[in-house]
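Notes follow the structure.
Residue numbers (my numbering): 74 to 522.
In structure tokens, the structure reads:
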């Protein structure tokens, strides 16, 4: 195992590059999206919150489904009524137990009580409406979870392309740095031959130093962008992956058609709008639940009881069954508070749902405009790359013919580098703007452009 570094170095020296099997695996955008779906912190938090909300939908079943309870206890008493009742429950009453003195001053009575109780709610309107409200709230939580995951996917697209852009910037500046140092060597050679003054060589060295400084900064930004991507994926310790050498080409014609597509009239396809609408439905159901507190309740029950002086669940069995109708027309104004609170929450949910729809329409229009602007900037940036390359070529020939100074040559090279970086950034902006538009329209991002 200790020889591996030497072997890798030797292979790299012989072959000019690290072997393919030693390269870190390439992380594609679809793979990054899949990682985020499973491990991103925001997604895991949203999933847990949605599960907790779904669990709350079970609570109202207490007023709908039957309940079974088992009871057991032990009692010792000298209370006259308690002692006589205990003896009667154990069915051990004798004629002597009716002696007045014994009735007034009974001995200690001991009883092991056991019971099985079945309770069946028959009509509890608040439980049924509460179940409806909780179910809709759970559905809103799931829709909100879905929107969080889709929003995370947009963030992953930005981070992934941002890290790729940072790596591409490093590669561009590396080429620029090599070219700048080559210009320095040419200028120094020309100084030795007496063709230019030493100031030209010094200016070339200064320009090369500026490119070196930009390269150092770009390398730091690239490393940080990679770590930020890993953090967004929920795996901050895993940065052992490679990124593409350059951003993917954009189908500008298709993207222009997307940007020109009118905003949809129905924005309920967006999970956040659907979550707000379900939240409104839940709030309205909860308001009706609060109003139903004024209605009577009807419940049934049945129980078996055992009473024994010796052990639990021994002795003769007794059973009881019945119905219970209860109505509380006034309970200290608590129903009024519930009703007013439910009405206020429904009003707030109504405003939230309307605001979500309006915000969604505005976001679609805004994203479409940003994509149109980004595509125009990309067109200009691509034209600038061609112009700067041609200008650099012309200045290079003039410099070789001693018709231009080294400062003009270095400025032309810097302009070409800036144009290359500008095009890369414009392409990044167009790609991320397209992702933002699809997200605003409620479409699923799968990483394929």
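Note that beta-carbon positions come from the ideal geometry of N, C-alpha and C, so glycine has one too.
Small disclaimer: the values here were computed from a predicted structure and weren't measured.
Check: Let me make sure I understand the geometry here. Which of 412, 485, 377 has the alpha-carbon closest to that of residue 395?; Outcome: 377
Check: Out of 113, 161, 206, point me to the one whose CA is closest to residue 128's CA.; Outcome: 206
Check: Examine the Cβ distances between the region 98–112 and the region 311–319 and report whether three or more of them are shorter than 8 Å.; Outcome: yes
Check: DSSP three-state label for residue 173, please.; Outcome: helix
Check: For residue 164, which three-state DSSP category applies?; Outcome: coil
Check: Taking the C-alpha atoms as reference points, what is the distance between residue 318 and residue 237?; Outcome: 7 Å
Check: Is there contact here, the region 225–244 with the region 318–328, by at least three beta-carbon pairs under 8 Å?; Outcome: yes
Check: Any idea what DSSP makes of residue 386, helix, strand or coil?; Outcome: coil
Check: Can you tell me which of the three DSSP states residue 285 falls into?; Outcome: helix
Check: Assuming residue 325 and residue 448 make a contact with CB atoms under 8 Å, what is their CB distance in whole Å?; Outcome: 6 Å
Check: Take the Cβ of residue 452 as the centre, count every other Cβ of all protein chains shown within 10 Å, and call the residue buried at 16 or more, exposed below.; Outcome: exposed
Check: Here's the rule I'm using: 16 or more other beta-carbon atoms within 10 Å means buried, otherwise exposed. How should residue 381 be labelled?; Outcome: buried
Check: Leaving out five residues before and five after residue 181 in sequence, what residues of the same chain have Cβ atoms less than 7 Å from its Cβ?; Outcome: 149, 151
Check: Note down the Cα distance separating residue 349 from residue 334, rounded to an integer number of angstroms.; Outcome: 25 Å
Check: So, residue 185 versus residue 387, is the Cβ gap smaller than 9 Å?; Outcome: yes
Check: Measure the Cβ-Cβ separation of residue 302 and residue 229 and say whether it is below 9 Å.; Outcome: yes
Check: Comparing C-alpha positions only, which one of 511, 134, 137 sits nearest to residue 336?; Outcome: 511
Check: Rounded to whole angstroms, what's the CA-CA distance from residue 488 to residue 505? Just pull it up for me.; Outcome: 26 Å
Check: For residue 121, tell me which candidate among 137, 170, 217 has the shortest Cα-Cα distance.; Outcome: 217
Check: Using a Cβ-Cβ cutoff of less than 6 Å, which residues in the same chain neighbour residue 426 once the five nearest sequence positions on both sides are dropped?; Outcome: 349, 350, 353
Check: Compute the Euclidean distance between the alpha carbons of residue 168 and residue 162, then round it to the nearest angstrom.; Outcome: 16 Å
Check: Using 8 Å as the Cβ pair cut-off and three pairs as the minimum, do the region 253–261 and the region 193–206 touch?; Outcome: no
Check: Among 103, 135, 192, whose alpha-carbon lies nearest the alpha-carbon of residue 397?; Outcome: 192
Check: Here's a check: name, in chain order, each residue in its chain whose Cβ is nearer than 8 Å to the Cβ of residue 295, leaving out the five neighbours to either side.; Outcome: 236, 239, 240, 242, 243
Check: Work out the CA separation of residue 158 and residue 145 for me, nearest whole Å.; Outcome: 17 Å
Check: Helix, strand or coil: how does DSSP classify residue 342 here?; Outcome: coil
Check: Please confirm whether residue 363 and residue 408 have their CB atoms less than 9 Å apart.; Outcome: yes
Check: Taking its Cβ as the centre, do 16 or more other Cβ atoms sit within 10 Å of residue 463, making it buried, or is it exposed?; Outcome: exposed
Check: Would you grab the beta carbon distance between residue 355 and residue 213 for me? Rounded to a whole angstrom, and I think it's under 8 Å.; Outcome: 6 Å
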